[in-house]
Amino acid sequence: MKERFLTWLDHRTGYRRIVDEALFKNIPGGAKWRYVWGSTLTFCFVTQVITGIFLWMGYSPSAQTAWESVYYIQHEMAGGWFLRGIHHYTAQIFPVLLVMHLLQVVIYGAYKAPKELNFWLGILLAILIVTLARTGYLLPWDQEAYWGTRVVTSIVAQAPLIGPEIERLAVGGTDFGHHTLTRFFALHAGLLPAIIGLLLAVHLKLCRRNARLESEASQKPGCAYWPDQAWRNAIAGMFVLGAVVLLVLYHHGAKLGAPADPSESFQAARPDWYFLFLFQTLKSLSGLWGAFVLPGCLVGMLVLMPLTGRLKKGHVFNVGFLFVALTAMAVLTYLALDKDWHDEAHKLAVNKAQANSERVKILAESPKGIPVTGAVTLLREDPLTQGPRLFAKHCASCHRYDGHNGMMGKPIEKAATASDLKGFANRSWLKGLFDPEQVSTLKYFGGTKFRNGKMAKWVKKNVPKFDDSEKEMLSNITVALSAEAQLKRQRDIDARHAAVIAEGQGYVAEIGCTDCHQYREPDEDATAPDLTGYGSREWLIGIISNPEHDRFYGSKNDRMPAYGRDEKLTPKKIKLLSDWLREDWYEKGDELKPEPKPAKVDPEPEVVEPEPKPAEPSEPEPKPAEPSEPEPEPAEPSEPDPEPEPSEPDPEPEPTEPDPVPSEAEPGDGPDPERKDPPKLTVDFVTQIKPVFESRCVRCHNAEKKKGKYLMGTKLVACKTGESELPPIVPGKPDESNLVKLISLDEDHDDIMPSKGGPLTKEQIQAIRTWIAEGAHWPEGLVLKAVKKK
Amino acid sequence: MSEPNATGSPERRGLLKKLAAVVIGGIVSLVAPVAGLFVFFDPLRKRHRKGGDFIRVISLDTLPADGTPRRFTLVADRIDAWNKYTNVFIGAVFLRRTSEAEIEAFNVSCPHLGCTIDHRGEDFFCPCHDSSFALDGSISGPKSSSPRDMDALQVEVREGVVWVKFQNFRTGTEQPIPIS
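Chains A and B are the protein sequences, given in the same order.
Here this note's numbering is used: the first residue of the first sequence is 3, the next is one more, and so on.
Here this note's numbering is used: the first residue of the second sequence is -11, the next is one more, and so on.
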């Protein structure tokens, strides 16, 4: 029955003749191990076709879906990593097998007549297979694929005559995008495999034909392909597959880098290992010579082998040439690898690429998933990825992050001019700030004058004298202030220490922080940054946006740029930077806060009115306000820390008695001709000095606040020395009056008065100076009251 | 007068058949590839505008006066086949202040093979194939693999703001050839 069916089939297909020719015709000289290389290549090609078809079922070629679909195959689909791994590492092993096959053919002279046509066909197949690999390289659309292929298309564009046109056809336009992927994919999965499959069939057919002719001409006994050569090929195929599987298991599949991002240059870009020799030559030669002339000569020599082989010693020359060429390629490959092994910048770039690759996987696995805008959005909106870049670019010229610029490279040798922000506002960081040994180190104040400013002085003066209860008080304040930041990493411990935090909050005012800082209660007189929400997201965004805001440093801000106010950074980037400084980013296992969804109020579909389109200008309108990224301005040390002005409790009651100092101009009952007229005063206290004192000085120097232990309510107290122990007002002697000295200091001086709200105007200073020079007349009984500055 | 043969001679009939087979078969089999190739060559016919417009970059006073180059990314609208993206990255430039009101601008793309050039202290450097350039954009050192200086871009300072006419150029040529 079976025999009858096979005979029926043979009558209709002639399959017996095909099988007989393929399996049972003699192999010249019998089966040999050296014949296995060709069959391993066929095996690999078939493997690629099979795995490729299944990958195709999960792949989507577009700029927003290519990486995403490969990610899905790799990490979500059952066995996807293995399938992709087989496809990837088989491609990696292809060049090795090609070289082995070529060596076998050349060494044994299998390029000679009548096999020269098949030899040339083999060379063409090798070139097509390399092209197949190159087109497949782009498809994952990760950073390495994107930037590596850009170099290749640039090389193609340098081909003589029609290079630019070929590049444009390959890219699908002038820029990489959707059509680059669709075209590369069509080449990789359609056109090239079809051509290769066809040529391979011809190649094998010719190979069998040549073998048959050779066998018929030969007197030597041979043996059939089946089973003697077949089992050898099977063993060879097993080893090849074994090597591929081992590579797949060792690397757990093919790697998938971070998604392609044209705005993020990729310094780790290197071609596949088998192109490194060309990569190395391109360092010395132009694209034309390195990518066309030199490889062209190499291929040309191979093509000419059947002809040169006819010459005397021609075969020896061919074999020698092949070995020299392969040795040169090996040396160039080694040089390229060796340079990268010793290149710290390259290693850093590779590590960064690896970190991004791992990071994007974590983000893609988050409950939020991959948005429709593509996975590249995940990294662009990730504080852990963008924070270091923004810090290195905009902050690291003054600040440090654990000694370096945020990018985990070598510590920067140049001394910081502002604080080290690693761990900013956490308990450990704040504990150091209150440590007399640490407060004046570079970590907190960099090289700024604040290193020995008021905060540092206060800590160094007072903290060493603290008794145990005061130390505990300070410890609680540290915990309380750190809790203001609501740091993610301290969330649990803050919750456990709620009682300590509440206690510490009560001590903030008691220990004197509120002498300078605002805390909880509005304080118009605060001269140092607000401690309410200190280090919180909102607080950090605020200070980065505008450190000159009254809530932070006001006019005392020392060169810290207002990144938001001056549009040096977009609000989005400021948020990313703030989140990174606060170490607040998504980590595996985190629960994401649900985003508020707007209530649906109208069941009718929303009709969006199209915006009126402006008439197209004849000349393109330049786009305003591009969010380009300015580099940091050099030497911008920012005042890193709040500076609580130390103030000890003042035991003196507020003097409210009238000023006993008699006025020099005593009013008489009538004119006295003998009496000299008092000198005419050019400055009137009531209209010129009093408004200034009341709006700028008395707000702090009153009985309630007693800033610097100095009061200005009446002339009597205004002339009394304060904390500085220098006479503030010496009637008739402005140069000896400390008040004149303090209001005349440079704007950025630590001791300038008023300490908040900007310096007095030149006219105001001159008026006060003149007022003192004229005797500091202060109408009797006149008591100053704080008024708001208008 | 011989009677005309209705069906013609066998040779003539054979020629007609061959002609019909070649012409009709040729036309029939050409339609599909020609239609395909017509679409395939579409990118050669289209002329996407890429750059050439002045783009606002940054205010002049934010550039350091000591001539240190700064890198800026440029954003504009971009069309990629069926998608239009608004305000996306289209390229990057180095800006360098050479005097009070004079600015030099260079495209960050390496003229060698289009990798991204970095600024490293005293010069520019491309980490792909080791091209190096002086701060004025000129090729520095005999080992530099670039065929030409860095691509300078047109700059204008309008009311204290730097505007750059952004343009990409072909790689590998000794003269800069803009890509349209």
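All residues carry an ideal CB built from backbone N, CA and C; glycine is no exception.
For residue i, the residue or residues it bridges with in DSSP
{"i": "G537(A)", "result": "None, per the DSSP bridge assignment."}
{"i": "D106(B)", "result": "F113(B)"}
{"i": "S120(B)", "result": "F113(B)"}
{"i": "I46(B)", "result": "V150(B)"}
{"i": "D422(A)", "result": "R402(A)"}
{"i": "P166(B)", "result": "F157(B)"}
{"i": "L261(A)", "result": "Here the sequence assigns Pro to residue 261(A), which means Leu is not the residue at that position. Note: P261(A) sits in a beta bridge opposite D144(A)."}
{"i": "A140(B)", "result": "F94(B)"}
{"i": "N28(A)", "result": "A226(A)"}
{"i": "Y521(A)", "result": "E523(A)"}
{"i": "A530(A)", "result": "H519(A)"}
{"i": "N478(A)", "result": "Answer is none; N478(A) lacks a bridge partner."}
{"i": "I127(B)", "result": "F121(B)"}
{"i": "V145(B)", "result": "V150(B)"}
{"i": "N407(A)", "result": "Y403(A)"}
Residue from the options with nearest C-alpha to residue i
{"i": "L533(A)", "options": "Y521(A), A420(A), L741(A)", "result": "Y521(A)"}
{"i": "M138(B)", "options": "S120(B), E144(B), R0(B)", "result": "S120(B)"}
{"i": "E505(A)", "options": "R491(A), S471(A), C518(A)", "result": "S471(A)"}
{"i": "Q440(A)", "options": "F426(A), A458(A), G449(A)", "result": "A458(A)"}
{"i": "L280(A)", "options": "A330(A), L171(A), R312(A)", "result": "A330(A)"}
{"i": "A357(A)", "options": "L258(A), G405(A), G425(A)", "result": "L258(A)"}
{"i": "M475(A)", "options": "C400(A), L444(A), I513(A), G40(A)", "result": "I513(A)"}
{"i": "P115(B)", "options": "L101(B), L123(B), G125(B)", "result": "L101(B)"}
{"i": "T529(A)", "options": "K692(A), G175(A), H703(A), Y509(A)", "result": "H703(A)"}
{"i": "T74(B)", "options": "V301(A), T375(A), L43(A), L208(A)", "result": "T375(A)"}
{"i": "E696(A)", "options": "L683(A), M562(A), L713(A), W233(A)", "result": "L713(A)"}
{"i": "G425(A)", "options": "G537(A), F319(A), L334(A)", "result": "G537(A)"}
{"i": "I479(A)", "options": "A159(A), K490(A), G777(A), H499(A)", "result": "H499(A)"}
{"i": "K473(A)", "options": "P438(A), T716(A), G455(A)", "result": "P438(A)"}
{"i": "L392(A)", "options": "P573(A), A236(A), P63(A)", "result": "P573(A)"}
Beta-carbon separation (whole angstroms), residue i vs residue j, contact threshold 8 Å
{"i": "R698(A)", "j": "P781(A)", "result": "19 Å between Cβ atoms; not a contact."}
{"i": "F26(A)", "j": "A219(A)", "result": "19 Å between Cβ atoms; not a contact."}
{"i": "D422(A)", "j": "Y403(A)", "result": "7 Å"}
{"i": "P31(B)", "j": "G174(A)", "result": "5 Å"}
Short CB-CB distance (under 7 Å) between residue i and chain B
{"i": "C400(A)", "result": "no"}
{"i": "K625(A)", "result": "Low confidence applies to K625(A): its pLDDT is 37, below 50, so where it sits in the model is not reliable enough to give any reading."}
{"i": "P636(A)", "result": "Interpretation of P636(A) is limited by its pLDDT of 33, a score under 50 that renders its predicted location unreliable; no figure is taken from the coordinates."}
{"i": "H181(A)", "result": "yes"}
{"i": "R170(A)", "result": "yes"}
{"i": "G192(A)", "result": "no"}
{"i": "E346(A)", "result": "no"}
{"i": "W773(A)", "result": "no"}
{"i": "E167(A)", "result": "yes"}
{"i": "Q145(A)", "result": "no"}
{"i": "P162(A)", "result": "no"}
{"i": "E631(A)", "result": "Any reading at E631(A) is ruled out, since the residue's pLDDT is 39, under 50, leaving its predicted position unreliable."}
{"i": "Q269(A)", "result": "yes"}
Unbroken beta strand (DSSP E) run spanning residue i, endpoints
{"i": "G79(B)", "result": "71 to 85"}
{"i": "N95(B)", "result": "91 to 95"}
{"i": "I67(B)", "result": "58 to 68"}
The alpha helix (DSSP H) enclosing residue i, as first and last residue numbers
{"i": "Q106(A)", "result": "82 to 109"}
{"i": "G55(B)", "result": "Premise fails: G55(B) is in no alpha helix (DSSP H) and is neither H nor E."}
{"i": "H348(A)", "result": "346 to 366"}
{"i": "G24(B)", "result": "-2 to 28"}
{"i": "F186(A)", "result": "180 to 188"}
{"i": "L2(A)", "result": "Nothing in the structure corresponds to residue 2(A), since chain A is present only between 3 and 792."}
{"i": "D12(A)", "result": "4 to 15"}
Closer than 7 Å to chain A by CB, residue i
{"i": "P166(B)", "result": "no"}
{"i": "D118(B)", "result": "yes"}
{"i": "S134(B)", "result": "no"}
{"i": "L32(B)", "result": "yes"}
{"i": "F121(B)", "result": "no"}
{"i": "T159(B)", "result": "yes"}
{"i": "D49(B)", "result": "no"}
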